[in-house]
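Take a look at the structure below.
Number of protein chains: 2
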Amino acid sequence: MPLYRQLEGWLRDAITTGALPVDSRLPSSRALAADLGVSRVTVGTAYAELESAGLVVAAVGSGTRVAPVLPTTAVGAAPGDRRGGTWPAWQGSAETSEPAEAGPRGPDVVAFTGVGDPAAYPVAEFGRTIRQVLAREGAAALSYGPDPAGDPSLRRTVTQLLASQGIGVPPESVLITSGSQQALALVCQVLVRPGDTVLVEEPTYDLALRLLRAAGAQLVGVPVDGHGLRVDVLAELLERHRLLDRPRPRLLYVVPNFQNPTGASLSGSRRHALLELARVHGVPVFEDDFAGDLRYSGRATPAIKSLDDGGHVLYAGTFSKLLMPGLRIGYLVVDGPVRQRLVEAKQVTDLGTSLLLQRALDRFVTVGRYQTNLRRTGRLYRERRDALRSALAEHLPDAGFALPAGGLFAWVALPAGVRSDTLLRAARDRGVDVAPGSRFFLRPEDGAGHIRLNFAVQPQERIAAGVVRLAAAVDSLRVTPSGTSSRQR
Amino acid sequence: MPLYRQLEGWLRDAITTGALPVDSRLPSSRALAADLGVSRVTVGTAYAELESAGLVVAAVGSGTRVAPVLPTTAVGAAPGDRRGGTWPAWQGSAETSEPAEAGPRGPDVVAFTGVGDPAAYPVAEFGRTIRQVLAREGAAALSYGPDPAGDPSLRRTVTQLLASQGIGVPPESVLITSGSQQALALVCQVLVRPGDTVLVEEPTYDLALRLLRAAGAQLVGVPVDGHGLRVDVLAELLERHRLLDRPRPRLLYVVPNFQNPTGASLSGSRRHALLELARVHGVPVFEDDFAGDLRYSGRATPAIKSLDDGGHVLYAGTFSKLLMPGLRIGYLVVDGPVRQRLVEAKQVTDLGTSLLLQRALDRFVTVGRYQTNLRRTGRLYRERRDALRSALAEHLPDAGFALPAGGLFAWVALPAGVRSDTLLRAARDRGVDVAPGSRFFLRPEDGAGHIRLNFAVQPQERIAAGVVRLAAAVDSLRVTPSGTSSRQR
């Protein structure tokens, strides 16, 4: 079969199966010829054949595209397309938890959601670093790493960063993960079985709730106040568990610094008390320190892990918040026999995190550069936090708001009678996006009076503009003394 | 506090906690000064202070190093260091499955283990592509992606590659994962609960066995012959399950092309029969096509997924084997309600695969370039397969060996009386590494008579040299007619 026929046949298949969708552009004949190592004439002939079959349309200036209406004889139904068909019984009733909710996007939307500000990512420097790694290490950087626990050099770098934060651990305790999210997922996989009780702060990080629920855990909430998790309530709860002879909780998930969503930090005395409870009751503590080094005021409190001399605490950190989330590199610090089981879990889950990215990150993150970036980012985000405070004071004076000492999030108590879910819709109508409090509670209803605002993602002038829009949305929902909303007056 | 004091304090902490281990080299004062944005004098003064405290040693030519013996007052015990201490009860007895077994390394070792040949990775081209992505997309490439199921453009590219292999699916069916390993891990997470029965080929890919075991599955093996999985045995097994009213198996894990470890491929008629059994008995099929496009002889058989019009098959592929494993990018093709649950599992597990690598791969993998690379790699690996065949015929004529039509692995039946585990040690003593058959069976004993050789990882001359060493190891273990090994004569 001549080459052009083979090419034509392949393209015909791609078009009729929908792999090349209607209206998609085919490569230029020059590019495709170069790619395939064939002559331009071959490609041109194949394209001409497809055109005469009505499968593609060529137009001067816009290249060759898949025809908007395909000849019916050539089109089969793709398996994913069938609607209303029956699926095998094991596929169940698609009982998903909450769908991944994406807020509105676009340049006009002021989004108080998401993570850090892309404008703060060190893109060019990191690009140079990747180039250096590929130039010096070549194919080695594109292989599996020698150790499923992560690149040894990056693990050493992590211990140096941790030491600068008062956590002294050897590199053997560090397990590199795909973000701190995977650190929690692995711990879940190793320690939590369906039906196990897991303790969480309430409110807490929504994707931790979803992960733990997906693992079949029975979640029990412990309330958070301005000084973090209520350790007194935790003590009562554990004691009750013990007296009733119920199986011990399998995990305590806690975010001690600039908690997500409340921004509160666990006080030093509570950290000690929490660790003591974990010891006495034999409950592992998962310490999620997703943004502990992003501090804007006050002094750091030692990590719970730094108080732990007995392998009670699993500590997770990440480079996502400070550097760039697209890397997806975080780490878990863990001591004791469970460490080996977690390394095994990491290996069988994905054979290790991309070595190229680990090597590039290791080369990029000298302690000095990390500290420099931290200072720069900290300055930027602190200004934004303060801008949010001022804007809220001016435009939403009756909203409750405690200034967080660091991190990314502010937790706002809405004026009486305004519900966060209703507000979400009203706010989106006005081009502003927030996270409704309901996402962060075991019973969504408990979060009806709060919203979470990420102040770090955008410059100050947009923050101010966003709060003005938000205030307008709140005003439209305010309950008047007679009990009807102002909108209905 | 003066700057040099702050720096000194920080370094002191790093040294005393062990984060900067004994004998490790500190950065040059010039490099550290540049990193921190301070003067070289500041760094020099801090280093001098540390030196007079006995914490570092400076030597001309080799820079400044952490002192080999630290002053005892400055050294605390790192938590990971305690040996013989007691760990909390929940840490259990460290009941790990097999430890991650790393064979011998070094330039003198001929290793018939691992995956593809790093020399075949398109390192320079890929480096250029990453640079282009960072230059054109900037910070966007370092953010979370817009969709936890993966970059939409890469998903489209995957459908085009699949279409060229006869699998017609829309991009919405594709979920990008961290290698095909994670595709299986996610399916495990969503479909398999502890105690569930899972059917596997026997022998099969060892890390699939370890993953499924870690998930608490009860594994049941179905034998493989020269035409792949014995579908007749599968039919009996499923029928028995049904008659005994036992819960249906939760999953059937199968590698239809160039099976790992046997190299056998599932015949076309068996593919149809297998799918029909899956339909009738309501068992989901996980089709692991880790190297299906690496074919060296014969004609391709359609993927089981391509026969499936009802969402019975979950199909996994990967870029690891053909391009480079360090990327850690693979994909799962899945239709029906379970798809949304798998996307949710991906999201809560790691918030998605690195967008930077997804974008770079998408830009890199035009269909033409993929096909070119496939042809080049295929030629290379076929020569190596043939070199292995010749070497075995010459040096180990009484070993059984069926020529695989593609993939990476040859499955070798050892001469009578030679056990693979003993051979592994004898071979390593002679500088050659193999995978013993015991790894691939539910009862390791069943694999005592086989070894798996990866013929793709090294050039032909090393293959020949390795087989010579292997033959020597085998000869040292041969059982003589009188029943003692030749070594003992």
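Heads up: the sequence lines are chains A and B, in that order.
Start counting the first sequence at 85; every next residue gets the next number (my numbering).
Start counting the second sequence at 85; every next residue gets the next number (my numbering).
A virtual CB, placed ideally from N, CA and C, is assigned to each residue, including glycine.
Sorted by chain position, which residues of the same chain lie with C-beta nearer than 7 Å to residue 483 of chain A's C-beta, five sequence neighbours on each side aside? Taken in chain order, the residues that qualify are 476, 496, 497, 498 and 499.
Could you pull out every unbroken alpha helix (DSSP H) segment of at least 4 residues lying fully inside the region 295-373 of chain A, listed in chain order? Taking only runs of at least 4 residues, the alpha helix (DSSP H) segments lying wholly in the region 295-373 of chain A are 315-327 and 352-365.
Buried or exposed: which applies to residue 390 of chain B, given that a residue is buried once 16 or more other Cβ atoms fall within 10 Å of its Cβ? Around the CB of residue 390 of chain B, 16 or more other CB atoms lie within 10 Å, so the residue is classed as buried.
Let me check one thing: in DSSP terms, what residues is residue 493 of chain A bridge-paired to? According to the DSSP secondary-structure assignment, residue 493 of chain A is paired through a beta bridge with A:538.
Determine the contact status of residue 306 of chain B and residue 295 of chain B, defining contact as a CB-CB distance below 8 Å. At the C-beta level, residue 306 of chain B and residue 295 of chain B stay beyond 8 Å of one another.
Bridge partners of residue 150 of chain A, per DSSP? Answer is A:140.
Leaving out five residues on either side along the sequence, give the residues of the same chain with a beta carbon under 6 Å from the beta carbon of residue 116 of chain A. If we look at residue 116 of chain A and ignore the five residues flanking it on each side, its Cβ neighbours are 127.
Are the CB atoms of residue 205 of chain A and residue 283 of chain A nearer to each other than 8 Å? Taking C-beta atoms as the reference points, residue 205 of chain A and residue 283 of chain A fail to come closer than 8 Å.
Let's test the definition: count the other Cβ atoms within 10 Å of the Cβ of residue 461 of chain A and tell me whether it reaches 16, buried, or not, exposed. Buried is the label assigned to residue 461 of chain A, since at least 16 other Cβ atoms lie within 10 Å of its Cβ.
So residue 109 of chain A packs on residue 149 of chain A, CB below 8 Å; how close in whole Å? Cβ atoms of residue 109 of chain A and residue 149 of chain A come within 8 Å of each other, at about 5 Å.
Can you find a CB in chain A that lies within less than 8 Å of the CB of residue 453 of chain B? Judged by the 8 Å Cβ criterion, residue 453 of chain B is in contact with chain A.
Rounded straight-line distance, which links the Cα of residue 452 of chain B to that of residue 245 of chain B: The alpha-carbon atoms of residue 245 of chain B and residue 452 of chain B are separated by roughly 10 Å.
Classify residue 211 of chain A: buried if its beta carbon has 16 or more other beta carbons within 10 angstroms, exposed otherwise. That one is buried.
Between residue 562 of chain B and residue 502 of chain B, which are expected to be in contact by the criterion C-beta below 8 Å, what is the C-beta distance as a whole number of angstroms? Residue 502 of chain B and residue 562 of chain B do touch by the CB rule: their CB atoms are close to 6 Å apart, below 8 Å.
Determine the DSSP secondary structure at residue 276 of chain A, reduced to helix, strand or coil. Coil at residue 276 of chain A, not helix or strand.
In the region 382-421 of chain B, which residue ranges form an unbroken beta strand (DSSP E) of at least 3 residues, counting only runs that do not cross its ends? Counting only unbroken stretches of 3 or more residues, the beta strand (DSSP E) elements lying wholly within the region 382-421 of chain B are 397-402 and 414-417, in sequence order.
Give a yes or no on whether 8 Å exceeds the smallest Cβ distance from residue 158 of chain A to chain B. The predicted position of residue 158 of chain A is uncertain, since its pLDDT is 36 and thus under 50; a value taken from the coordinates is nonetheless stated next. Not one chain B Cβ lies under 8 Å of residue 158 of chain A.
Listed by chain order, chain B residues near residue 214 of chain A by CB distance under 7 Å: Chain B residues near residue 214 of chain A: 214.
Out of A:438, A:478, A:195 and A:369, which has the shortest C-alpha to C-alpha gap to residue 417 of chain A? Shortest Cα-Cα distance from residue 417 of chain A to any of A:438, A:478, A:195 and A:369 involves A:369.
Check residue 458 of chain B in the structure and name its three-state DSSP category. Helix.
Alpha-carbon to alpha-carbon, residue 224 of chain B and residue 411 of chain B: Distance between the alpha carbons of residue 411 of chain B and residue 224 of chain B is about 19 Å.
Interface residues of chain B around residue 410 of chain A at Cβ under 8 Å? Per Cβ cutoff of 8 Å: 225, 226, 227, 228, 229, 438, 439 and 440.
Indicate whether residue 234 of chain B and residue 387 of chain B have their beta-carbon atoms separated by less than 8 Å. No; because the gap between Cβ atoms is not below 8 Å, this pair is not in contact.
Quick check on the DSSP output: the beta strand (DSSP E) that includes residue 56 of chain B runs from which residue to which? The question about residue 56 of chain B has no answer, for chain B in this structure spans 85 to 573.
For the structure I just gave you, are there three or more beta carbon pairs, one from the region 287-301 of chain A and one from the region 317-329 of chain A, closer than 8 Å? Proximity of the region 287-301 of chain A to the region 317-329 of chain A falls short of the contact definition, fewer than three beta-carbon pairs being nearer than 8 Å.
Pairwise C-alpha distance: residue 139 of chain B and residue 490 of chain A: Cα-Cα distance, rounded: 34 Å.
Nearest to residue 216 of chain A by alpha carbon, out of A:521, A:446 and A:203? Comparing Cα-Cα distances from residue 216 of chain A to each of A:521, A:446 and A:203, the minimum goes to A:446.
With 8 Å as the threshold, decide whether the Cβ of residue 396 of chain B is near any Cβ in chain C. Looking at the structure shown, chain C is missing, and the protein chains on hand are A and B.
Out of curiosity, what's the CA-to-CA distance linking residue 221 of chain A and residue 208 of chain B? Each residue's Cα considered, the two are about 11 Å apart.
Would residue 364 of chain A be called buried (16 or more neighbouring beta carbons within 10 Å of its own) or exposed? The residue is exposed, with fewer than 16 neighbouring Cβ atoms inside 10 Å.
Whose CA, out of B:88, B:440 and B:147, lies closest to the CA of residue 30 of chain B? This structure does not reach residue 30 of chain B, given that chain B is present from 85 up to 573, and the question cannot be answered.
Within-8 Å CB hit, residue 648 of chain A to chain B: Lying outside 85 to 573, the shown extent of chain A, residue 648 of chain A is not represented and no answer is given.
Go through the region 193-278 of chain B residue by residue and report every complete run of the alpha helix (DSSP H) that reaches 4 residues or more, in order. Listed in chain order, the complete alpha helix (DSSP H) runs (minimum 4 residues) inside the region 193-278 of chain B are 207-221, 236-247 and 263-275.
Return the CA-CA distance between residue 560 of chain A and residue 170 of chain A, expressed in angstroms with no decimal places. About 45 Å.
Which value, in whole angstroms, describes the spacing of the CA atoms of residue 281 of chain A and residue 297 of chain B? Whole-angstrom Cα-Cα distance: 23 Å.
Report the CB separation of residue 265 of chain B from residue 435 of chain A in whole angstroms; it is logged as a contact under 8 Å. With 8 Å as the limit, residue 265 of chain B and residue 435 of chain A qualify as a contact, their Cβ atoms being about 5 Å apart.
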